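Residue numbers (this note's numbering), protein chains in the order written: chain U, 1 to 270; chain V, 1 to 266. Idealized CB from N, CA, C, for every residue including glycine. Owing to the predicted nature of the structure, the values given are computational and were not obtained by experimental measurement.
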Amino acid sequence: MDFITNYYFDFGVMGDEFSRVLDGFWLTVKLSIISGVLSLTWGLGLAVLRQLPGRALAPVRWLTIAYIDVFRGVPLLLVLLLLSGFLSAAQFEGVIPRELGLPTWFGETSPFWWGVMGLTLTYGAYMAEVYRAGIEAVPRGQMEAARSLGMSHGQSMRFVIVPQAVRKVIPPLLNDFIALMKDTSLVGILGALEVVQVGFDVQTEQINGSALTLGALMFLVITIPLARLVDWLIAREQRKTERGGGPSAGTPGDVEPKPAGPPATGMAGA
Amino acid sequence: MEGARTPDDATGQGVPATSGGAVLRLDGVHKRFGALHVLRGIDLEVQRGGVVCVIGPSGSGKSTLLRCINLLEPPDQGRILLEGREITGKTTADDRNYVRRRVGIVFQQFNLFPHKSALENVSLAQARVLGRKRDEAGAKAQALLTRVGLADKMDEYPERLSGGQQQRVAIARALAMDPHVMLFDEVTSALDPELIKEVLDVMRELAAEGMTMVVVTHEMGFARDVGDEVVFMDGGVVVERGPPAQVLDNPREERTKGFLGLVLER
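Take a look at the structure:
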């Protein structure tokens with residue numbers, strides 16, 4: 001019994017290694033935020049490409065769908081390995097410039113940036129599907145109303161459809177962000193000293209898992225509040241829809257009209 | 001309607017302003033949805049300042065007709081001329097936008113933008129499509145919302161407005177583009193009875209001020225008072241047309257009589 005507690009909860013080990021683990025966690029956070037922001041953007045781009053109208057643009061839609069299918073369908077670890085291997089080999093052969101193959105932008109290591117790329121490629125595909133669900137949940141009449149006012153497809157998407165779609169999918173996007181944050185641990189394989197890799201190094205050195213436990217606790221400090229936030233957002237949306245309002249298209253008769261002042265007094269006095 | 005239709009009429013856009021008066025002309029318009037043949041050769045002519053009311057049972061193709069006119073559903077066959085210019089055939093995105101800037105439409109379900117206030121609903125397309133400055137678009141939106149009796153609701157979001165108020169915002173939104181023709185697609189059908197009048201009053205004033213209108217409606221009183229012509233559609237064809245008094249009071253066709261009997265009995 002003592003062995004179990006000592007293996008997971010050796011406060012001595014936790015104390016000695018705290019700053020090392022915290023450094024690792026800081027790298028995890030940076031990796032998560034940069035990849036998260038890039039994935040959100042790339043995913044939205046993919047979702048919009050997928051919705052382009054007309055026959056002429058069908059190839060663009062197919063390519064987008066193929067991309068999304070592929071990156072949702074293969075393991076992130078495999079993407080990371082293929083990508084990092086290719087980039088380092090390609091710059092070695094002079095096929096791509098060195099600063100692209102072995103990027104060290106903003107003082108971060110190449111494994112860090114390979115991780116950002118791999119996470120963005122994969123999570124962009126996941127998030128594209130979330131955005132798509134949001135776009136498809138916006139009533140058809142919204143696009144028609146926008147187009148009937150002379151707005152182009154692009155303008156209608158930008159000013160009418162996407163703003164409504166994004167609001168609907170903030171909770172699932174946050175869920176994907178939580179998943180992304182946990183998946184940054186795979187970047188350790190490439191040599192990035194993120195929190196899991198650091199914890200694993202300590203475990204190997206000291207035959208003790210407490211540094212990994214500490215890493216787990218650090219994850220939970222972020223992921224549990226985020227999960228609660230998601231629940232809260234969903235519950236708030238639920239209340240709205242139950243009340244009947246909801247930010248969906250104008251639904252007649254379901255809103256208690258406030259005693260509207262004098263009814264239409266016609267169009268006098270323009 | 002001061003302020004409306006200024007810019008384009010001034011330049012004329014190469015279109016005779018009143019070529020025999022027909023702003024809108026449809027010749028043998030057909031529309032199919034797969035096997036469903038919804039419009040089976042519709043002819044229609046709307047004079048400048050004229051109000052044509054289209055009546056008929058549901059499923060007769062009335063809404064589709066309006067959606068064909070502003071190319072939300074391009075016709076499969078036949079011609080539509082807007083101010084003498086053919087807008088059917090092979091159309092480009094520019095052609096469609098040309099049409100939609102001149103033809104306003106108001107929908108049964110309002111379709112207001114729920115994430116924008118009443119004022120923003122009315123000014124968005126002005127700024128983005130017509131390139132109006134923010135102040136200019138805002139001022140125009142304020143004037144139009146005041147005209148439809150919503151001076152005190154400018155900053156409200158659609159979900160805070162009653163159906164009748166939402167529909168009046170939708171009318172103002174369409175008018176903001178200075179349309180030459182307004183299409184109304186059963187705009188009172190989704191409204192509670194006590195809210196219908198406020199919308200119809202706005203439409204009456206619009207007609208009185210000389211707006212060219214095509215109104216699909218079940219409001220026979222409105223068609224009688226405001227319409228210059230009443231068109232009865234059934235099964236995708238025009239069964240009967242003429243002055244309101246004639247079509248509504250002395251219909252010649254059996255189908256018209258049957259429909260009016262059902263409607264007026266209520």
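Go ahead and label residue i buried or exposed: buried means 16 or more other beta carbons lie within 10 angstroms of its beta carbon, across all protein chains shown.
i: U:SER284; result: Chain U is shown from 1 up to 270; residue 284 of chain U falls before or after that span and cannot be answered.
i: U:ARG50; result: buried
i: V:SER60; result: buried
i: U:GLU144; result: buried
i: V:ILE42; result: buried
i: V:ARG147; result: buried
i: V:LYS90; result: exposed
i: V:VAL299; result: Because chain V spans 1 through 266 in this model, residue 299 of chain V falls outside it and cannot be assessed.
i: U:ASP69; result: exposed
i: V:ALA207; result: buried
i: U:MET218; result: buried
i: V:ASN250; result: exposed
i: U:VAL37; result: exposed
i: U:LEU78; result: exposed
i: U:ALA146; result: buried
i: V:ILE69; result: buried
i: U:TRP232; result: exposed
i: U:GLN142; result: buried
i: U:GLY94; result: exposed
i: V:ALA120; result: Note on residue identity: the sequence assigns Glu, not Ala, to residue 120 of chain V. Classification of V:GLU120: buried, given that the 10 Å Cβ count is 16 or more.
i: V:GLY21; result: exposed
i: U:GLN238; result: exposed
i: U:ILE161; result: buried
i: V:LYS31; result: buried
i: V:GLU265; result: exposed
i: V:PHE33; result: exposed
i: V:GLU86; result: exposed
i: U:LYS182; result: exposed
i: V:GLY149; result: buried
i: U:VAL138; result: buried
i: V:PRO244; result: buried
i: U:GLU17; result: buried
i: U:PHE71; result: buried
i: V:ARG252; result: exposed
So, under 8 Å CB-CB, residue i and residue j are touching, yes? Tell me the CB distance rounded to an integer number of Å.
i: U:PRO111; j: V:HIS115; result: Their Cβ separation, rounded to whole angstroms, is 41 Å, which puts U:PRO111 and V:HIS115 out of contact at 8 Å.
i: V:GLY49; j: V:THR212; result: 6 Å
i: V:ALA170; j: V:VAL106; result: 5 Å
i: V:MET177; j: V:ARG101; result: 6 Å
i: V:VAL230; j: V:GLY242; result: 7 Å
i: V:VAL215; j: V:PHE259; result: Contact doesn't hold; Cβ gap of about 17 Å is too wide.
i: V:LEU124; j: U:PHE25; result: Going by Cβ atoms, the distance from V:LEU124 to U:PHE25 rounds to 45 Å, so no, they are not a contact pair.
i: U:GLY188; j: U:VAL196; result: 5 Å
i: V:GLU156; j: V:SER117; result: 6 Å
i: U:LEU149; j: U:LEU226; result: 39 Å between Cβ atoms; not a contact.
i: V:VAL51; j: V:VAL226; result: 5 Å
Does DSSP classify residue i as helix, strand or coil?
i: V:LYS31; result: strand
i: V:ALA4; result: For V:ALA4, the pLDDT reaches just 42, beneath the cut-off of 50, and the residue's location in the model is therefore unreliable, leaving the point undetermined.
i: U:ILE207; result: coil
i: V:HIS115; result: coil
i: V:LEU82; result: strand
i: V:GLN142; result: helix
i: V:HIS37; result: strand
i: U:PRO247; result: Here U:PRO247 scores only 44 on pLDDT, less than 50, and its place in the model should not be relied on; the value that follows carries that caveat. Coil at U:PRO247, not helix or strand.
i: V:GLN77; result: strand
i: V:GLN166; result: helix
i: U:PHE9; result: coil
i: V:LEU262; result: helix
i: U:ILE68; result: helix
i: V:HIS268; result: Missing from the structure shown is residue 268 of chain V; chain V here goes from 1 to 266 and no further.
i: U:ASN293; result: There is simply no residue 293 of chain U to check, as chain U begins at 1 and stops at 270 in what is shown.
i: V:LYS257; result: helix
Under the DSSP definition of a beta bridge, which residues are partnered with residue i?
i: V:VAL231; result: V:VAL54 and V:ARG241
i: V:MET182; result: V:GLY104 and V:MET213
i: V:ILE42; result: V:VAL29
i: V:GLN47; result: V:ALA22
Does the count of Cβ pairs from the region 43-60 of chain U and the region 118-125 of chain U closer than 8 Å reach three? Output reads yes: the region 118-125 of chain U touches the region 43-60 of chain U.
Tell me whether the region 82-94 of chain U and the region 129-137 of chain U touch, counting them as touching only if at least three CB pairs, one residue from each stretch, are closer than 8 Å. Here the region 82-94 of chain U does not lie against the region 129-137 of chain U, with fewer than 3 beta-carbon pairs under 8 Å apart.
Meets three-Cβ-pair contact criterion under 8 Å: the region 101-116 of chain U and the region 27-34 of chain U: By the Cβ test, the region 101-116 of chain U is in contact with the region 27-34 of chain U, since at least three Cβ pairs between them sit closer than 8 Å.
So, does the region 153-172 of chain V touch the region 188-206 of chain V, judging by three or more C-beta pairs under 8 Å? Touching, yes.
Quick test of the definition: if touching needs 3 or more C-beta pairs under 8 Å, does the region 23-30 of chain V touch the region 77-85 of chain V? Taking 8 Å as the limit for Cβ pairs, the verdict is that the region 77-85 of chain V does touch the region 23-30 of chain V.
Determine, using beta-carbon pairs with one atom in the region 199-207 of chain U and one in the region 55-65 of chain U, whether at least three such pairs fall under 8 Å. Segments in contact, no.
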